[in-house]
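2 protein chains.
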Amino acid sequence: MKHSSPTIIIIGGVAGGASAAARARRHSESAHIIVLERGPDVSFANCGLPYHIGGEISDRAELAVQTPQSLRALLKLDVRTFTEAVAIDRMQKTVRVRHVENGTEETIAYDQLILSPGARPLIPPLPGIHDSRIMTLRNLQDTDRIKAAAADAKNVLVIGGGFIGLEMAEQLVHLGKSVTLVERNPQVLPQLDQAMVRPLEIALQKHGVHLILEDGIAGFEPHESSLKAILHSGRCLESDLVILSIGVVPENGLAKDAGLELGPRGHIVVNAWQQTSDPNIYAVGDVCETYDPILGTRVAIALGGPANRQGRTAADHIFRGAQAQPYPGSIGTAIVRVFEVSAGITGWSEKGLKQAAIPYQTVTVNAASHASYYPGAETVTLKLLWDPQDGRVLGAQAVGKDGIDKRLDVMATALRGRLTIDDLVHLELAYAPPFGSAKDVVNIAGFAATNIREGYLFPVATLAEAGAQIVDVRPSTVSSKQPVAGAKNIPLTELRDRLAELDRSQPVYTICQMGKTSYYAARILANHGFQAHSILGGAHHQL
Amino acid sequence: MKHSSPTIIIIGGVAGGASAAARARRHSESAHIIVLERGPDVSFANCGLPYHIGGEISDRAELAVQTPQSLRALLKLDVRTFTEAVAIDRMQKTVRVRHVENGTEETIAYDQLILSPGARPLIPPLPGIHDSRIMTLRNLQDTDRIKAAAADAKNVLVIGGGFIGLEMAEQLVHLGKSVTLVERNPQVLPQLDQAMVRPLEIALQKHGVHLILEDGIAGFEPHESSLKAILHSGRCLESDLVILSIGVVPENGLAKDAGLELGPRGHIVVNAWQQTSDPNIYAVGDVCETYDPILGTRVAIALGGPANRQGRTAADHIFRGAQAQPYPGSIGTAIVRVFEVSAGITGWSEKGLKQAAIPYQTVTVNAASHASYYPGAETVTLKLLWDPQDGRVLGAQAVGKDGIDKRLDVMATALRGRLTIDDLVHLELAYAPPFGSAKDVVNIAGFAATNIREGYLFPVATLAEAGAQIVDVRPSTVSSKQPVAGAKNIPLTELRDRLAELDRSQPVYTICQMGKTSYYAARILANHGFQAHSILGGAHHQL
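Pasting the structure below:
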């Protein structure tokens, strides 16, 4: 039986916890909703922190979405800041808390407990790691600290080229700092496939970021005037400030001590209503596992959108039980802006599918962000992955200067609807010249994918995978300015008349600027009996 | 049996016709593909014409996507301009053509014929309608004519507030003209519901367009110095140039004469592969009917995206027969930009559903285009319509200054995937502060819709529908500046303490700025035993 006036304790008042509290209050005016926060702030805009450091969000108060006072006034929440939960007694249904300011403790009873402690920055046990000039970014206090330190710093080292590392590098350049970014993978944003993040890397370098890939941090040597970071390669980097952003670990201490079931990487295991292995304890946000609705595997995804909606689901289940709609899993849609370039992903990457040994097919296409004849169009590069059996979309990535968020959102919606490559062909997107094209890049990805399935397009992903006979079908004026190594230039318009120049006993690999004309050329060749392959993404993508 | 080297005649080389020709060539190098065009141009950017008139697209050549020469060179097409098809002999499988320049005729045989003649502007038989100062916009020649006439005009009258009328009004203002826009409906953009286009009407007026609604054209009186338009109301308008954009009619003459089956409004009836009632004749684009995959009804939709993809479908069917993927219908996604405001629709409108007597539910929500704490966020107003039986989305409309195309594209993809309001709750869209919010306006529409279904939200659409007891729950500072007529101001934060001021025997209607706080207030009231209704869209929407 559900209690109509339960006492709900929520540990962690940001994102998932705040959403759970707000939703619980809509269900019941008489519920006693207690929000425990170790620090001074609740419900702050954690995704906005880098932009305050860089000055784009000038007013710090903008980041404090709600204060304990406003939550009390709006939602009648019992918000207790500087109050750390230290233990859960599942038998007694109580939480032991410690008042951070004076060290006293007390015990609070709950009917339902919602764990929303988040994840903390990973700090590897390296020599010198505890130097005060090495900082991580999680909350408003960290933001203040980094902002103050950055004011006096000349050289800043950002370790980790994930979403936060990239945002921080961008913002530190805005502040006029000399920025070095170190990433141990051979690419930034390792969630994406390598070719898709090259435009980000180029943008970083163009704006003066010293980018070091395939090298990790071995340790630090503190000196008075600066901090020396030693890389695995032996290389040394001097800086005044280090931002460490190499990942997060779930804040699972309370859950672990309470004996709740944890997943392989320490995340709390929950069911579709966010209930942990104890039905009176829920977990939401970065601390818990969820499932991937595309392939049905268990995943851990640390993102704000899922956290918020998981909080809502937990509150619904407390008041509505099995009538509540279950949480349908997370597909991991994410985006980052790095100067003028944006890139993002939804669903599975190629490297993820390879690792999981899931069969897939993929194509990468380029097209204009809106009608190419209307001013301001930019190239959108879209990578699509699908199931070769039934054509169902498995994932997508996009990169470019304009319209990247829109294409990711379309693909995220397609994933939720389990759409196929045939559905993408016929997506009917909003078209007027300032906004789109009669054939949007998403449609074009659908065209290319179905062309592959039907044997009209035999692509190779990159020039490196092509054989010896490469034909550059761009106009000679373009080709001579930016020649493709090893390619013979036969412009598309001359191809039909110059077939005799090609060796029919060898496959032909066609290349152009964007990967469209090379497809046309490959069709001409195939229809004339050649074995023809189009090099995807064109010269534009061979960065 | 399919012919490997058929002769395909395509009548009309823009959009659908051009796509069909290009796709046919990819299937076969040996097909003889003849494109007949009455005028001088093929494959021009018809959606870009208004922007060339207004100077945003300065180079006319940008609009000529392809020329007859380029199509010959790229696609080996036999393009015949100034060549008008005058009759089809279905028994002989021939087309009789007239050479416009010298009046001679000839007969050409086809294996397959694709009709892509488009639709022509509707010109009603009104007194004075044939004055040379009354112009319509369909092709590059019309564009040149309007551009020349506008150069000398001071006052321009635009008749019809649909997509083209709105784009022309905007562009003519850019040229410094004094513009009057007349629309016989009580709103511009009659495809959308009335409340959703009010921001467009306000933008028009703000930029000096003289907007006349609910008044149609009765006729024209030509004077030497200016042209007088007489409206149904008796009102007279003087202008130097009239742009007539009141709709289009399908160019069905050839099809009609050939005895092909036509729909109730004269569109050519086709099957899922775009075949007409004669299996050797296909029709694509504005001239043909299609079907609406949401409710399964027959519809006629004059838009570029569907035309292009129908052309592709027809070509696929010629070469692949029943193996070709059928065309899955059109949902009518459309968007227009009018100065700083954009608005659009996908799927069914409320008025369309009412007219068709289809049961529906609807909600309108407002939210920021991206994280409200990040600079530049604008309000997106999103209207959602769904099937009360199964929650399936039936249509959506959006209006605002930023991110309108993105939300329409998400909703268009949701419609293609037959998503429900529960799916919208959990769409996982790309979120970083410059791009979106952890709870996007699409999610919020899903929240509101499911709240209605579950009895948490009892909305009324507008203030006009509210009863006597209205409570304005905005802060007193806001409320006193823009008071809501007839409302008592009780700020949300004081509501719980001031319940005694309300009459429990009467329903309470809550209103705020955006329709969010009023929902919170209604939940508080409902949980205290009141019958409470939230006024959708808030004061922001009561324009």
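Each protein sequence line maps, in turn, to chains A and B.
Residue 72 in the working numbering is what sits at position 72 of the first sequence, and the numbering runs on without skipping anything.
Residues are numbered in the working numbering as their position in the second sequence, beginning at 1, plus a constant of 1000.
Where is the CB? At the ideal position from N, CA and C, for every residue including glycine.
Keep in mind it's a predicted model, so treat the numbers as computed, not measured.
Do we get a CB-CB distance below 8 angstroms when we pair residue i with the residues of chain A?
i: L1536 (chain B); result: no
i: R1474 (chain B); result: no
i: S1330 (chain B); result: yes
i: H1528 (chain B); result: yes
i: V1410 (chain B); result: yes
i: Y1051 (chain B); result: yes
i: N1308 (chain B); result: yes
i: E1428 (chain B); result: yes
Can you find a C-beta in chain B that's less than 8 angstroms from the C-beta of residue i?
i: C47 (chain A); result: yes
i: M1 (chain A); result: Annotation note: pLDDT 41 at M1 (chain A) (below 50); position unreliable, coordinate value reported separately. Chain B, which has no Cβ nearer than 8 angstroms to the Cβ of M1 (chain A), makes this no.
i: P433 (chain A); result: yes
i: G344 (chain A); result: yes
i: D152 (chain A); result: no
i: S479 (chain A); result: no
i: N102 (chain A); result: no
i: H174 (chain A); result: no
i: Y110 (chain A); result: no
i: L543 (chain A); result: Residue placement at L543 (chain A) cannot be trusted, given a pLDDT of 47 that sits under 50; what the coordinates show is reported in the next sentence. Answer no: the Cβ-Cβ gap between L543 (chain A) and chain B never drops below 8 angstroms.
i: G436 (chain A); result: yes
So, residue i versus residue j, is the Cβ gap smaller than 8 angstroms?
i: R1096 (chain B); j: T1107 (chain B); result: yes
i: V1442 (chain B); j: V1393 (chain B); result: no
i: N1252 (chain B); j: V1299 (chain B); result: no
i: D1440 (chain B); j: S1342 (chain B); result: no
i: A1398 (chain B); j: L1385 (chain B); result: no
i: P1328 (chain B); j: Q1361 (chain B); result: no
i: L1545 (chain B); j: A412 (chain A); result: Outside the displayed span of chain B (1001 to 1543) sits residue 1545 (chain B), for which this structure offers no information.
i: Q1171 (chain B); j: P1293 (chain B); result: no
i: G538 (chain A); j: C512 (chain A); result: yes
Which word fits residue i, buried or exposed, when buried means at least 16 other C-beta atoms lie within 10 angstroms of its C-beta?
i: G1012 (chain B); result: buried
i: L543 (chain A); result: With a pLDDT of 47 at L543 (chain A), under the threshold of 50, the modelled position of that residue is not reliable, and no figure is offered here.
i: N102 (chain A); result: exposed
i: M1 (chain A); result: Note that M1 (chain A) has pLDDT 41, beneath the 50 cutoff, so the model's placement of it is unreliable and no number is given.
i: D1257 (chain B); result: exposed
i: K1177 (chain B); result: buried
i: G285 (chain A); result: buried
i: A356 (chain A); result: exposed
i: A324 (chain A); result: buried
Going along the chain, which residues of its own chain have a beta-carbon closer than 6 angstroms to the beta-carbon of residue i, five neighbours each way excluded?
i: A414 (chain A); result: V393
i: G1160 (chain B); result: S1245 and I1246
i: A1087 (chain B); result: R1096
i: R1312 (chain B); result: S1019 and R1023
i: Q1205 (chain B); result: L1211
Suppose the cutoff is 8 angstroms on Cβ atoms and the five residues either side in sequence are ignored; what does the same chain contact list for residue i look like?
i: S372 (chain A); result: S437
i: V1197 (chain B); result: Q1187, V1188, L1189, A1343 and V1399
Give me, in chain order, the residues of the same chain whose beta-carbon lies closer than 7 angstroms to that of residue i; leave out the 5 immediate sequence neighbours on both sides.
i: V1173 (chain B); result: V1179, H1207, G1208 and V1209
i: H223 (chain A); result: none
i: D1118 (chain B); result: The identity of residue 1118 (chain B) in the sequence shown is Gly, whereas the question assumes Asp. Within the same chain, G1118 (chain B) has close Cβ partners G1012, V1014, E1251, G1285, D1286 and V1287.
Quick check: the Cα distance between residue i and residue j, rounded to an integer number of angstroms?
i: E1084 (chain B); j: V1100 (chain B); result: 7 angstroms
i: S70 (chain A); j: L36 (chain A); result: 15 angstroms
i: I331 (chain A); j: A468 (chain A); result: 40 angstroms
i: K481 (chain A); j: I335 (chain A); result: 34 angstroms
i: R418 (chain A); j: N1451 (chain B); result: 25 angstroms
i: G1352 (chain B); j: V1484 (chain B); result: 31 angstroms
i: A1151 (chain B); j: P1186 (chain B); result: 31 angstroms
i: A1195 (chain B); j: W1348 (chain B); result: 15 angstroms
i: R60 (chain A); j: A45 (chain A); result: 10 angstroms
i: S132 (chain A); j: D144 (chain A); result: 14 angstroms
i: V42 (chain A); j: A307 (chain A); result: 15 angstroms
i: I1129 (chain B); j: A522 (chain A); result: 52 angstroms
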